[in-house]
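Visitor: Sharing a structure with you now.
Protein chains in written order, with the numbering used here: chain D, 61 to 273; chain F, 61 to 273.
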């Protein structure tokens, strides 16, 4: 099995995302220069990528979107189902559950976990909420590969430790705290407030500059 | 006014985040090596940063957290209030509104916007929801500097265009689509689904590798 570099994987997923949006908007073909411009990569890069694909386009209509997606997914080997679990069913957790409902058939959130008795056994976007005490057992039994952490900062490391012990290979942490995982576990930290603070900083700078002018 | 490089700004905000977490957990002092390890930077880097700060620590207790935060914020010049608006009051929008309520006194979401009649005039986490048609006028009047976009992909570019026309200097886009802004506008795109897909890809790879062993 060839290993695709991380940057290529990310670019391919961006292609997929743009193509999904185009399909939803009613298009069935796309030109490579549209893709390049929308995704923010050079037309040369898109052409190089296309050379490795078994995909035929025409100068009049461009490339057929459905075939293009199938080709991308076969390279990403993501036709296989990946099972995920989500820990922390607050607003952010619910937003993620509702997004994945039916939109990505190959990615399935098989269970959600919380400690709030009012949420346990309820179903959000087709996904049942279990007590956090069931986390380790459920992940092992379902062989879930990915854990999504949407708990407060104070519980994030504990959730990560349980998920790793239960056998997940990848984690996405949304809690505003840096968590630690053993080598070999793929970790992505998405810090929403940090990003908002950073943008605010640069927006403030740019406003001040304008006032001075 | 000195301009701090983007990486330093990000690192300083990570320091702030860790220090806030420590304060909330009841500590009032911190050692530089704890900070380095928690934030994932080298102890040398932390010591270099500390040399520029007007802050005294002791070998027994480390640095006083409140003074450390004040020093960081003075370097980030973020004692001034930054006004933000949020467009799209779905689950993700609500999650962001509730997070910012009172936690960051210098960052205030002054208004939220949606097109759903059921949400208009309601108040979420202290923030009133207005009809999207009021967006441009409100941003201009309030002199909001930052726009947070939490609408679906199909409306994200339109929301961005209105926000830029109304005078924001920074945008954070959560919609799963690449948006375009004029030069001089600071844009951060946070694509939650893309990140989850990427982690799933690498988790799958790592599981397969294990099976082969």
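Where a beta carbon is used, it is the ideal one built from N, C-alpha and C, also for glycine.
#1: Keeping to the same chain, check which residues put their C-beta closer than 7 Å to that of residue 275 of chain F; ignore five residues upstream and five downstream.
#2: Give me the Cβ distance between residue 175 of chain D and residue 192 of chain D, rounded to the nearest whole Å; I'm assuming they're in contact under 8 Å.
#3: Starting from residue 174 of chain D, follow the alpha helix (DSSP H) in both directions and report where the run begins and ends.
#4: Could you name the residues of the same chain whose beta carbon sits closer than 8 Å to that of residue 179 of chain F, not counting the 5 residues immediately before and after it, in chain order?
#5: Only counting the same chain, and skipping five residues up and downstream in sequence, which positions put a Cβ closer than 8 Å to that of residue 142 of chain D?
#6: For residue 273 of chain D and residue 266 of chain D, I'd like the C-alpha separation in whole angstroms.
#7: Could you list the residues in the stretch 250-270 of chain F with a C-beta less than 9 Å from some C-beta on chain D, going in chain order?
#8: Cα separation between residue 84 of chain D and residue 78 of chain D?
#9: So, with DSSP's three-state summary, where would you put residue 73 of chain D?
#10: What is the rounded straight-line gap between the Cα of residue 61 of chain D and the Cα of residue 132 of chain D?
#11: Cutting at 8 Å between CB atoms, please list the residues of its own chain near residue 92 of chain D, excluding the five before and the five after it.
#12: Along the chain, where does the beta strand (DSSP E) containing residue 248 of chain F start, and where does it finish?
#13: Is there at least one Cβ from chain D nearer than 9 Å to residue 142 of chain F's Cβ?
#14: Under the rule that 16 or more other beta-carbon atoms within 10 Å means buried, what is residue 201 of chain D, buried or exposed?
#15: Checking contacts by CB at 9 Å: is residue 81 of chain D closer than that to chain F?
#16: Can you name, in chain order, every residue of its own chain whose Cβ lies under 6 Å from the Cβ of residue 113 of chain D, other than the five neighbours on each side?
#17: Identify the contact partners of residue 213 of chain D in chain F, using a Cβ-Cβ distance below 7 Å as the criterion.
#18: Would you mind giving the Cβ-Cβ distance between residue 127 of chain D and residue 115 of chain D, rounded to the nearest angstrom? I have them listed as a contact below 8 Å.
#19: In the DSSP assignment, the beta strand (DSSP E) including residue 233 of chain D goes from what residue to what residue?
#20: For residue 246 of chain F, return the contacting residues in chain D, with the cut-off set at a CB-CB distance below 7 Å.
#21: With DSSP as the reference, label residue 132 of chain D as helix, strand or coil.
#22: What does residue 116 of chain F touch in chain D if you count any residue whose Cβ is under 9 Å from its own?
#23: Here's the rule: buried if 16 or more other CB atoms are within 10 angstroms of the residue's CB, otherwise exposed. What is residue 88 of chain F?
#24: Could you tell me which of D:243, D:235, D:258, D:262 sits nearest to residue 151 of chain D, measuring between CA atoms?
#25: Verify the contact flag: residue 131 of chain D, CB atom, against every heavy atom of the ligand FAD, threshold strictly below 8 Å.
#26: Please decide whether residue 283 of chain D counts as near chain F, where near means a Cβ-Cβ distance under 9 Å.
#27: In the structure shown, what three-state DSSP assignment does residue 126 of chain D receive?
#28: Hey, quick one: how far does the alpha helix (DSSP H) through residue 156 of chain D stretch, first residue to last?
#29: Could you spell out where the beta strand (DSSP E) holding residue 206 of chain F opens and where it closes?
#30: So that I know if they touch, is there some Cβ in chain F lying closer than 9 Å to that of residue 102 of chain D?
#31: Of the residues F:258, F:257, F:248, which one's Cα is nearest the Cα of residue 66 of chain F?
#32: Give a yes or no on whether 9 Å exceeds the smallest Cβ distance from residue 137 of chain D to chain F.
#33: Please state the DSSP three-state secondary structure of residue 101 of chain D.
Guide: Well, looking at it:
#1: An answer regarding residue 275 of chain F cannot be provided, because it is not within the stretch 61 to 273 covered by chain F.
#2: Residue 175 of chain D to residue 192 of chain D, Cβ: 5 Å. Contact.
#3: If you look at residue 174 of chain D, you'll find it isn't in any alpha helix (DSSP H); it sits in the beta strand (DSSP E) that goes 167-174.
#4: 149, 189
#5: 166, 167, 168, 205, 206
#6: Residue placement at residue 273 of chain D cannot be trusted, given a pLDDT of 48 that sits under 50; what the coordinates show is reported in the next sentence. Rounded to whole angstroms, residue 273 of chain D to residue 266 of chain D spans 11 Å at the Cα level.
#7: 250, 251, 252, 253, 254, 255, 256, 257, 258, 259, 260, 261, 262, 263, 264, 265, 266, 267, 268, 269, 270
#8: 10 Å
#9: helix
#10: Low confidence applies to residue 61 of chain D: its pLDDT is 45, below 50, so where it sits in the model is not reliable, and the reading given next is rough at best. Cα to Cα, the separation comes out at about 16 Å.
#11: 103, 106, 107, 110, 117, 122, 123.
#12: 246-249
#13: yes
#14: exposed
#15: yes
#16: 131
#17: 81
#18: 6 Å
#19: 230-233 is the span of the beta strand (DSSP E), which, as asked, contains residue 233 of chain D.
#20: Going along chain D in sequence order, the residues near residue 246 of chain F (Cβ under 7 Å) are 259, 262, 263, 266.
#21: Three-state DSSP puts residue 132 of chain D in a helix.
#22: Result: empty, since nearest Cβ-Cβ is about 26 Å, beyond 9 Å.
#23: exposed
#24: D:235
#25: This structure lacks the ligand FAD; in fact it carries no ligand of any kind.
#26: Residue 283 of chain D lies beyond the stretch modelled for chain D, which goes from 61 to 273, so this question has no answer here.
#27: helix
#28: Per DSSP, the continuous alpha helix (DSSP H) segment holding residue 156 of chain D begins and ends at 151-160.
#29: 206-209
#30: Against chain F, the CB of residue 102 of chain D has no partner CB under 9 Å away; the residue lies outside that interface.
#31: F:248
#32: yes
#33: coil
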